[in-house]
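Going by full-length UniProt numbering, the first residue of the sequence shown is number 1, and it counts up by one from there. Every residue, glycine too, gets a C-beta built ideally from N, C-alpha and C.
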Amino acid sequence: MTFKTHEITVDLVNATPTKEMSFYQGDENSVKLILNIKNEGEKLDLSPAKAVRITFKKPDGTTVFQEDCKPINVMEGRYQIILKTQTLAAVGNVYAQVRIFLEDRKLDAEPFVFTVKQSYSGDEAVESTNEYTIIKRALEVGETFTGVDFDPIIKAGELAKGAVPKTDIYLGMVQPNGYAKQLANGTDLNDVISAGVYAGGSLLNAPEDRTEWAYIEVLQQSGGICLQRYTVLSHVSRRTFTRRRYSNTWGTWLKELNTEGADFTGNVSLEGGRDLIFKNANSETVLRNNSSGIFAFYDKKNDNVVWQYTPSTKVLAIPTSTEVNLVRKAGDTMTGYLEVPRLVTSTAIPLVLNGNVSSSKSWKAAVDAEGLSLTPSATNGASDWSPTKTVKIKPDGEIVAPKISTPKDGRATITVTADAELTSPDGVIADRRGNVVTLRARVRRKSEQVNTVFVMPVDMRPLLTVTTNIVSNDGVVGAFSIATNGDVKIASVGPTLLNKDFNITISYVVD
Numbered sequence: 001m002t003f004k005t006h007e008i009t010v011d012l013v014n015a016t017p018t019k020e021m022s023f024y025q026g027d028e029n030s031v032k033l034i035l036n037i038k039n040e041g042e043k044l045d046l047s048p049a050k051a052v053r054i055t056f057k058k059p060d061g062t063t064v065f066q067e068d069c070k071p072i073n074v075m076e077g078r079y080q081i082i083l084k085t086q087t088l089a090a091v092g093n094v095y096a097q098v099r100i101f102l103e104d105r106k107l108d109a110e111p112f113v114f115t116v117k118q119s120y121s122g123d124e125a126v127e128s129t130n131e132y133t134i135i136k137r138a139l140e141v142g143e144t145f146t147g148v149d150f151d152p153i154i155k156a157g158e159l160a161k162g163a164v165p166k167t168d169i170y171l172g173m174v175q176p177n178g179y180a181k182q183l184a185n186g187t188d189l190n191d192v193i194s195a196g197v198y199a200g201g202s203l204l205n206a207p208e209d210r211t212e213w214a215y216i217e218v219l220q221q222s223g224g225i226c227l228q229r230y231t232v233l234s235h236v237s238r239r240t241f242t243r244r245r246y247s248n249t250w251g252t253w254l255k256e257l258n259t260e261g262a263d264f265t266g267n268v269s270l271e272g273g274r275d276l277i278f279k280n281a282n283s284e285t286v287l288r289n290n291s292s293g294i295f296a297f298y299d300k301k302n303d304n305v306v307w308q309y310t311p312s313t314k315v316l317a318i319p320t321s322t323e324v325n326l327v328r329k330a331g332d333t334m335t336g337y338l339e340v341p342r343l344v345t346s347t348a349i350p351l352v353l354n355g356n357v358s359s360s361k362s363w364k365a366a367v368d369a370e371g372l373s374l375t376p377s378a379t380n381g382a383s384d385w386s387p388t389k390t391v392k393i394k395p396d397g398e399i400v401a402p403k404i405s406t407p408k409d410g411r412a413t414i415t416v417t418a419d420a421e422l423t424s425p426d427g428v429i430a431d432r433r434g435n436v437v438t439l440r441a442r443v444r445r446k447s448e449q450v451n452t453v454f455v456m457p458v459d460m461r462p463l464l465t466v467t468t469n470i471v472s473n474d475g476v477v478g479a480f481s482i483a484t485n486g487d488v489k490i491a492s493v494g495p496t497l498l499n500k501d502f503n504i505t506i507s508y509v510v511d
């Protein structure tokens, strides 16, 4: 829209010379004045102002009160107003004065003047085009409502006279034009306690020391009790914070929960079997407490229960469908080493294998400077270790133990064949310890032939045939042998050995 625009400067203290301005009666809603309001020549911050208005004194002595000036930049006292046709109705000089409405006072600026010239295109029968239009509409309305009783309407009009103007309701909550009240840069929010809606940036005691532009809503019960809500106006962040003032002391700013999240300092309760869902483009997982009280972690995308906890049994279960890096209680296969770390270089953390309290000892395995130590408990299923029974495996492979035995260890009582007989109740006895066999025999040879006198058990047979000379009780030499198949023979090397008695003790190596 095209306007006749004039920019002027008015001052609260000093009269400011203005260039000559003139308008015509026919300039209907087409004259715009740009006002720069100053105080002794300095820019004036009018953000605390409730309203800025202008009063016009026309040459015919009548006065026009126009609506509030529209703000352009309240921080610099810059406003605009469009002159109504009624303001330009009378030819001559029109004097104008700006009035500023603050919370508890009013300020008048130095007046300025402009000239209204006669318009030859308008209706000269009435002084004002607007008034002519109003009269014409009144006549039309009168014809329309012929026969209507206007007494109730008149009474309603009388009641309306006592109505409070919209701009006077909750005076101070916002500017009269509905805009938020402006806060100057550096305003301390601790001092903003009057109820209202404010706007500003770079404010002191803002939440998180934020500096961007924001709305500040204040609800007040009394001077010492009020609430502030701080809403960031940035398109990047839509955060809202609140804090409360009680007994003249401000609490801390609390971040309200929205889609950008928040910090919780208290409990969050989800009742009625509600889910807590974590979702992005690649996954959707759920923490769930079902109606049975089972708490579970559910992979919704892959339809898999990752784990579940049953409070009634205090059992945490991981279904077999879930691949885990844990060893399951029911047994599992490890794909890597089971490592027991040291606390310090000289102290090893033992690995304890618990025995059954009714049938077996516990064992403790540990690594020290001498190698691997295995120590049994003194009592079944207990941890009362017996160091005197420790078995050590040294780094060079040597095994040190109080006693060593193998599954083949034992004693055998051997029966002689028909070609021999026992000469003592001690009989023929063989003992095996490890891979060594000790044989003791008191026998008499009963045959001229070199036949087998007895046979060694399988686990006591030598790796190679063992041979040695033996002497009978009466001094006759014989040849004694143990074959790899276990056959034991006494052969003659000179005189006959028939009915000769021998006492034999020999040790040899077996597998």
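What residue from 371, 330, 211 has the CA that sits closest to residue 396's CA?
Reading the sequence shown from its first residue, position 396 is the one you call residue 396. Taking only the C-alpha atoms, the option nearest residue 396 is 371.
Short of 8 Å in beta carbon distance, which residues of its chain neighbour residue 309, apart from the five on each side in sequence? Order them along the chain.
In the sequence shown, counting from the first residue as 1, residue 309 sits at position 309. Hits under 8 Å: 294, 295, 296, 315, 316, 317.
Return the CA-CA distance between residue 13 and residue 36, expressed in angstroms with no decimal places.
Along the sequence shown, read from residue 1 onward, the residue named residue 13 stands at position 13. Along the sequence shown, read from residue 1 onward, the residue named residue 36 stands at position 36. So the two alpha carbons sit approximately 14 Å from each other.
Just the Cα atoms here: how many angstroms apart are residue 247 and residue 4?
By one-based count along the sequence shown, residue 247 stands at place 247. By one-based count along the sequence shown, residue 4 stands at place 4. In a straight line, the C-alpha of residue 247 is about 55 Å away from that of residue 4.
Give me, in chain order, the residues of the same chain whose beta-carbon lies closer than 6 Å to that of residue 412; leave out the 5 immediate sequence neighbours on both sides.
Counting from 1 along the sequence shown, the entry for residue 412 is found at position 412. Excluding sequence neighbours, residue 412 sits near 430, 457.
Taking the alpha-carbon positions, what's the residue 434 to residue 410 distance?
Within the sequence shown, numbered from 1, the residue matching residue 434 stands at position 434. Within the sequence shown, numbered from 1, the residue matching residue 410 stands at position 410. Those two C-alpha atoms are separated by around 9 Å.
Please name the residue, chosen from 94, 269, 220, 492, that lies closest to residue 197 on a Cα-to-Cα basis.
As a first step, residue 197 must be located in the sequence shown, where it is residue number 197. Cα-wise, what sits closest to residue 197 is 220.
Where residue 34 and residue 226 are concerned, what is the direct C-alpha to C-alpha distance, given to the nearest angstrom?
Mapped onto the sequence shown, residue 34 falls at position 34. Mapped onto the sequence shown, residue 226 falls at position 226. When rounded, the distance between both Cα atoms is 38 Å.
From which residue to which residue does the beta strand (DSSP E) around residue 393 run?
Reading the sequence shown from its first residue, position 393 is the one you call residue 393. Here the beta strand (DSSP E) through residue 393 covers 391 to 393.
Express the C-alpha separation of residue 425 and residue 507 in angstroms, rounding to a whole number.
Position 507 of the sequence shown, counting from 1, holds the residue named residue 507. Position 425 of the sequence shown, counting from 1, holds the residue named residue 425. Whole-angstrom Cα-Cα distance: 21 Å.
In three-state terms, what does DSSP make of residue 380?
As a position in the sequence shown, residue 380 is number 380, starting the count at 1. Residue 380 falls in the strand class under three-state DSSP.
Could you tell me whether the Cβ of residue 452 comes closer than 9 Å to any Cβ of chain B?
The question asks about chain B, but that chain is absent: this structure has only one protein chain.
Mapping DSSP to helix, strand and coil, what is residue 44?
Counting from one through the sequence shown, the residue named residue 44 turns up at place 44. If DSSP states are grouped into helix, strand and coil, residue 44 belongs with coil.
So, under 8 Å CB-CB, residue 51 and residue 175 are touching, yes? Tell me the CB distance rounded to an integer number of Å.
For this step, residue 51 is matched to residue 51 along the sequence shown. For this step, residue 175 is matched to residue 175 along the sequence shown. Indeed, because the Cβ distance is near 7 Å, the residues count as touching under 8 Å.
Where does residue 274 land, buried or exposed, given buried means 16+ other C-beta within 10 angstroms?
The residue labelled residue 274 in the question sits at position 274 within the sequence shown. Answer is exposed; the Cβ neighbour count stays below 16.
For residue 478, which residues does DSSP report across the bridge?
As a working mapping, residue 478 is identified with position 478 in the sequence shown. Residue 478 is bridged to 470, 492.
Where do the ends of the beta strand (DSSP E) carrying residue 70 lie?
Walking along the sequence shown from the start, residue 70 turns up at place 70. Note, residue 70: beta strand (DSSP E), 70 to 73.
Looking only at its chain, what residues have a beta carbon closer than 6 Å to the beta carbon of residue 60, apart from the 5 residues adjacent to it on each side?
The residue labelled residue 60 in the question sits at position 60 within the sequence shown. 90, listed in sequence order.
Is it buried or exposed, residue 77, if we count other Cβ atoms within 10 angstroms and call 16 or more buried?
Here the question's residue 77 lines up with position 77 in the sequence shown. Label assigned to residue 77: buried.
Below 7 Å CB to CB, which residues in the same chain sit around residue 15 once its five sequence neighbours on both sides are set aside?
Here residue 15 corresponds to residue number 15 of the sequence shown, with the count starting at 1. Closer than 7 Å at Cβ, skipping near neighbours: 110.
Between the C-alpha atoms of residue 495 and residue 407, what's the straight-line distance to the nearest angstrom?
To locate residue 495, count along the sequence shown from 1; it is residue 495. To locate residue 407, count along the sequence shown from 1; it is residue 407. Distance between the alpha carbons of residue 495 and residue 407 is about 43 Å.
So for residue 449, helix, strand or coil by DSSP?
Within the sequence shown, the letter at position 449 stands for residue 449. Of the three classes helix, strand and coil, the one that applies to residue 449 here is coil, per DSSP.
Between 182, 100, 9, which has its C-alpha nearest residue 74's C-alpha?
Locating residue 74 in the sequence shown gives position 74, counting from the first residue. When only C-alpha atoms are compared, the closest one is 182.
When the Cα atoms are used, what is the spatial distance from residue 306 to residue 288?
Position 306 of the sequence shown, counting from 1, holds the residue named residue 306. Position 288 of the sequence shown, counting from 1, holds the residue named residue 288. So the alpha carbons of these two residues sit roughly 12 Å apart.
Relative to the C-alpha of residue 465, which residue among 84, 510, 501, 473 is closest?
Looking up residue 465 in the sequence shown gives position 465. Among 84, 510, 501, 473, the Cα nearest to that of residue 465 is on 510.
In terms of residues, what are the limits of the beta strand (DSSP E) holding residue 112?
Sequence index remark: in the sequence shown, residue 112 carries index 112 (1-based). Residues 112 to 117.
Is residue 11 buried or exposed, if buried means 16 or more other CB atoms sit within 10 Å of its CB?
On the sequence shown, position 11 is the one that residue 11 refers to. The residue in question, residue 11, is buried, as its Cβ has 16 or more Cβ neighbours within 10 Å.
So, is residue 63 buried or exposed, given that buried needs 16 or more other C-beta atoms within 10 angstroms?
For this step, residue 63 is matched to residue 63 along the sequence shown. It is exposed - the Cβ of residue 63 has fewer than 16 other Cβ atoms within 10 Å.
Let's test the definition: count the other Cβ atoms within 10 Å of the Cβ of residue 25 and tell me whether it reaches 16, buried, or not, exposed.
Counted from its first residue, the sequence shown places residue 25 at position 25. Buried, because 16 or more other Cβ atoms sit within 10 Å of the Cβ of residue 25.
From the DSSP output, read off the bridge partner residues of residue 80.
Here the question's residue 80 lines up with position 80 in the sequence shown. Residue 80 is bridged to 34, 70.
What is the DSSP secondary structure of residue 189, reduced to helix, strand or coil?
Counted from its first residue, the sequence shown places residue 189 at position 189. Looking at residue 189 - three-state DSSP - the assignment turns out to be helix.
Indicate the three-state DSSP secondary structure (helix, strand or coil) for residue 387 in the structure shown.
As a position in the sequence shown, residue 387 is number 387, starting the count at 1. Three-state DSSP puts residue 387 in a helix.
Using the Cβ count rule (16 or more neighbours within 10 Å means buried), how would you classify residue 490?
Taking the first residue of the sequence shown as position 1, residue 490 is located at position 490. Answer is buried; the Cβ neighbour count reaches 16.
Does the region 442 to 452 come within contact of the region 386 to 403, defined as at least 3 CB pairs closer than 8 Å?
These segments do not touch.
Could you give the distance in angstroms between the alpha-carbon of residue 249 and the alpha-carbon of residue 269?
As a first step, residue 249 is located in the sequence shown; it is residue number 249 there, counting from the start. As a first step, residue 269 is located in the sequence shown; it is residue number 269 there, counting from the start. Cα to Cα, the separation comes out at about 30 Å.
According to DSSP, is residue 462 helix, strand or coil?
Taking the first residue of the sequence shown as 1, we reach residue 462 at position 462. DSSP places residue 462 in strand when its eight states are reduced to three.
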